[in-house]
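One structure is given here, and the rest of the page talks about it.
Protein chains in written order, with this note's numbering: chain A, 539 to 1152; chain B, 539 to 1152.
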């Protein structure tokens, strides 16, 4: 049977052969999660995703319904929501004290990959719930935690995130929703919020909205923003639900895709009856929000990657089955599957390289979170989390950019069929386009990379990150089958170090605007480098195993073995994919670096009137 | 008032200052079309497009209806169709003998740019009609022409193109629709066709379907395909319409976009009653079809460009009005229009460079057609049309690739608003995705460039094409303000010549598959080169005019003038845009050339099993 959503062999490779998930069980915190348990978890998630979630993907494309303040999700979501809840999948990685499973993040990502790839619209309800619960766990009072956490982690209640207002999108400092303190210490909240994913729905009995708002008299701008918890229904002292809390859904957006997830507008306190409680400290709402933002951005990277993987599997299966045109080397054999045509192969290997590079990068990031959890001391922990800091804009921005490319390639492989709704790929392309926008547009990600991550700790964090890459290169150099590729990635790394210095200096000079006009280029370069790193690392794991299977390193021998043996074919695929990326994509990255070095100022110098007539 | 669809100043610049449209009136054929007349035509088209077409764009997104073999186009299309027909816009460039206007193609493109940008779904009905009419005019008998041509060019009847079958898409040689000769010389046609844009509709009284089919006993493959005309209703001897001709629409596709245009399935001769007449010679149907294909592909490039231009204008207007975040150089001034932010400027100038490069390239191609029409002799004509041959895959493939990028940039500029249907840009992005697929997928375009265009006339055609570019570079070198940019484009041109040779040789060696795995890269490089060419040419026209306005060439002086004077601002924009592209995009193109030079074979060597587990 054809593989769907994700290639299990590759999932297992990254989980065990590259990231050594089982090793985490040596730590007490993860003692229960040995390789066997990890595999069971992934298998169970995969079964649920393929058998139950996947059939609801297209149904979800028909969208949610809005009537008199109520939002009805697609009918088919109710069943999978029950299965997901019953399986206790929402809080895989969370504290058992609050009902979590305490699983390593690394393992949870493999499970989540299948879920998100099978139905991204539905999974967004859960991602938002999880993010909101994490906020409560991190910043909530004991009372807030007791009221909400178990309900949220179990999926009985959901959660959201109320940030955006019509005039406050990327610039949250401009928001105007207000909070007035009541005598009992609660706040009366008044304002209108838009673009709230999962903002209202009918799969849960209650919804917890973390809301950014200004307390009366707070400072202007981003320094006067506080965070509140607003429950859809008031929560009684005994934990039962009380009356409606005047948080009214006023509509849902019609969108390009991701129709199964309701994007809501909410009016809070239209009747003066919306009560919230402060979450964390006054005027430190943005700080709290951004603490959680890293996790939210990782989630966007994950869903982008999962959708990319699903698109690749569809395209690969289709290319193996669709018969069209002759093989150019054997025209007499008649028409053949299109996977035999060079241009189709070029497209497929491009998709494969990105998907596999993304998988390794995402799992690697997950492993960093896990290692931070079990770090011996604070220094060790912060060293690891610094790597995550640098990776976050790459995972969010670069991966979501590439997801659009990968899904578009899938449409192209299907030809005319790719454009019609009868086949699954056009939906994936529409669905994923929002990933480049929400949780901080990719322009914001690029600015984050240049403006914050490059200069963190006077550049030490960034250099440490490059140091991690250098370690992998040094390892790969020792593997004779790929030492030339390692050399190429080293050239890239050296050039990136050089350009990062130039760009960083420019960002602190009067050329600061020129530098920021190249922020997107720099993010792309960092992403390309990360892909090359991960693919090289994969190849350095695969090469010795392939040699062992083949009993030697002669190319003919390796190929002969790969033709007969599944594992050998897989490992050979790793070498070829790394070679493709490093020889075909990396030269283009070098060109981007040349462009950055030039730091040309045309974009910033151009008069506004020169952009076009009025 | 904000400009919509296209920047009229830029349209006029290309038409008159770069391509010198008025000069065409020196030829007898185009004597009526002096600058004044040209401008009137463009103004009229622009008015009609903005006032009447544009409001129907979003309405068209609601789609066509299909009931019992009938297709109802969006209601609003009937009115614009009447206006379009009354204005005699369909046959702008065609022979007055058949009701055409005999207009230069160059001028028609400026008009068409507005129409396609305002409603691409609707315009596709007209493009197909025009293409079918051109087939009849080129290959029809006198009788066929008399029966159809005036009706088609006037828009009373429409036309289509019946090529694709479920098992015959890119490989038309595999088609199975059959034709059996009747005693009266007509043919009985039997078969099923799919993916027929405009295949059935209710704006016209009759539809002429050119159909590819096999005559009983014809050779296998592409050598046994003939072309037939099948009229929806039989045509009586007196030209009136007779009974239904058994060409039954069996359904329309649900698609990602372009919903206003019906993509139909047709069954011909289901009751054995479908009669067609041979168009052109037996078994030479593909030849005839491909004669017309160049024109069809130019049309796809045009619609891609027009949609890109519309997307740019929307994004530019939005960026000028949307207030969000502070100017990084003047944080105390409060929030500003987002056009002041470097990353937004980088995005906008990227869009501008592509849109303007496309406009020049498309108009240039149109001018080539016109010059071929008035060529002094056959050699001159074929020299010009050879340039068009090389340009065709670039115009179709590269432009439609870039259209997806440009429309996606527009979505990004709008942020969250870009993803919702309330704003116009997400529709443009969905609509344009099919341009990369129909009329020969872009993979086919890339193969056409490498396999046919590079080697035409032993490479002479291609070298002549590069010679045209060199002429522009030589001109630009003499313009001191941009001589450095000219030098950079020359480096690119030289490198392209070198790599084209390497790639061409590889395509004729045992590395042929490696070469074809880089066909897409090569097409991209040719497209980038064409953009650089056109933008440099624009700058070389603009520079002396700017200097004249400013009374000198001192940069401060030029800028001061541009700040005050609209024309100077426009010309300065031309210099900046060229500089941006040549300094920021061309280095990346150089990287692509390095990748091609490597000709790495990973994509073609990879075992099919290595692409992923089954």
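Ideal placement from N, C-alpha and C gives every residue a C-beta, glycine not left out.
Asked, Found
"Quick one: is residue 822 of chain A near chain B, going by C-beta distance under 8 Å?", "no"
"Classify residue 1111 of chain B as buried or exposed, calling it buried when 16 or more other Cβ atoms lie within 10 Å of its own Cβ.", "buried"
"Using alpha carbons as the reference points, say which of B:1099, B:1006 and B:875 lies closest to residue 951 of chain B.", "B:875"
"Buried or exposed: which applies to residue 1093 of chain A, given that a residue is buried once 16 or more other Cβ atoms fall within 10 Å of its Cβ?", "exposed"
"Are the Cβ atoms of residue 1153 of chain B and residue 815 of chain B separated by less than 8 Å?", "Residue 1153 of chain B cannot be examined here, being either before or after the span of chain B that is shown, 539 to 1152."
"Can you pull the DSSP bridge partners for residue 771 of chain B?", "B:782"
"At 8 Å on the CB atoms, spell out the chain B contacts of residue 733 of chain A, in chain order.", "954"
"Restricting to runs no shorter than 3 residues, where is the beta strand (DSSP E) found entirely within the segment 858–934 of chain B?", "861–864 and 873–875"
"Is the beta carbon of residue 853 of chain B less than 8 Å from the beta carbon of residue 889 of chain B?", "yes"
"What first and last residue would you give for the beta strand (DSSP E) that runs through residue 732 of chain B?", "725–735"
"Using beta carbons (cut-off 8 Å, strictly below), is residue 1136 of chain A in contact with chain B?", "yes"
"Could you give the first and the last residue of the continuous alpha helix (DSSP H) run that contains residue 996 of chain B?", "Run containing residue 996 of chain B: none; DSSP gives neither H nor E here."
"Give me the Cα-Cα distance between residue 651 of chain A and residue 544 of chain A, rounded to the nearest whole angstrom.", "8 Å"
"What residue range is occupied by the uninterrupted beta strand (DSSP E) comprising residue 608 of chain B?", "608–610"
"Would you kindly work out how many angstroms separate the C-alpha atoms of residue 684 of chain B and residue 812 of chain B, rounded to a whole number?", "21 Å"
"Based on Cα-Cα distance, which residue from A:1101, A:1104 and A:1142 lies nearest to residue 1114 of chain B?", "A:1142"
"How would you call residue 616 of chain B, buried or exposed, if buried means at least 16 neighbouring beta carbons within 10 angstroms?", "exposed"
"Under 8 Å between beta-carbons, which chain A residues line up against residue 1121 of chain B? List them in chain order, please.", "1133, 1136, 1138 and 1140"
"For residue 934 of chain B and residue 978 of chain B, which I take to be in contact (beta-carbon distance under 8 Å), what is that distance rounded to the nearest angstrom?", "7 Å"
"So which residues on chain B does residue 1118 of chain A lean against when the C-beta distance must stay under 9 Å?", "1138, 1140, 1141 and 1144"
"Assuming residue 961 of chain B and residue 975 of chain A make a contact with CB atoms under 8 Å, what is their CB distance in whole Å?", "Rounded, the Cβ-Cβ distance is 12 Å, inconsistent with contact."
"Residue range of the beta strand (DSSP E) that residue 719 of chain A falls in?", "716–719"
"Provide the residue span of the alpha helix (DSSP H) that contains residue 970 of chain A, from first to last.", "963–970"
"Check whether the Cβ of residue 1108 of chain A lies closer than 8 Å to any Cβ atom in chain B.", "yes"
"Residues of chain A with CB closer than 7 Å to the CB of residue 545 of chain B, please, in chain order.", "1150 and 1151"
"Roughly how many angstroms separate the alpha carbons of residue 667 of chain B and residue 748 of chain B, rounded to a whole number?", "10 Å"
"With a cut-off of 8 Å, does the C-beta of residue 1076 of chain B fall near any C-beta of chain E?", "The structure shown has no chain E; the protein chains it does contain are A and B."
"In terms of residue numbering, what span does the alpha helix (DSSP H) encompassing residue 1037 of chain B cover?", "1021–1045"
"Taking the alpha carbon of residue 649 of chain B as the reference point, which residue from B:801, B:573, B:955 and B:579 has its own alpha carbon closest?", "B:579"
"Within 10 Å of its beta-carbon, does residue 591 of chain A have 16 or more other beta-carbons around it, so buried, or fewer, so exposed?", "buried"
"Secondary structure at residue 1162 of chain A, three-state DSSP: helix, strand or coil?", "Here chain A comprises residues numbered 539 to 1152, so residue 1162 of chain A is not present and cannot be evaluated."
"So residue 726 of chain A and residue 696 of chain A are supposed to be a Cβ contact under 8 Å. How far apart are they, rounded?", "Not really, about 23 Å apart at Cβ, beyond 8 Å."
"Per DSSP, what kind of secondary structure is residue 1147 of chain B in: helix, strand or coil?", "helix"
"Quick check: the Cα distance between residue 675 of chain B and residue 992 of chain B, rounded to an integer number of angstroms?", "30 Å"
"Mind listing which residues of the segment 694–717 of chain B have their C-beta closer than 9 Å to chain A's C-betas, in chain order?", "702, 705, 706, 707, 708, 709, 711 and 712"
"May I have the straight-line CA-CA distance separating residue 614 of chain B from residue 969 of chain A, to the nearest angstrom?", "29 Å"
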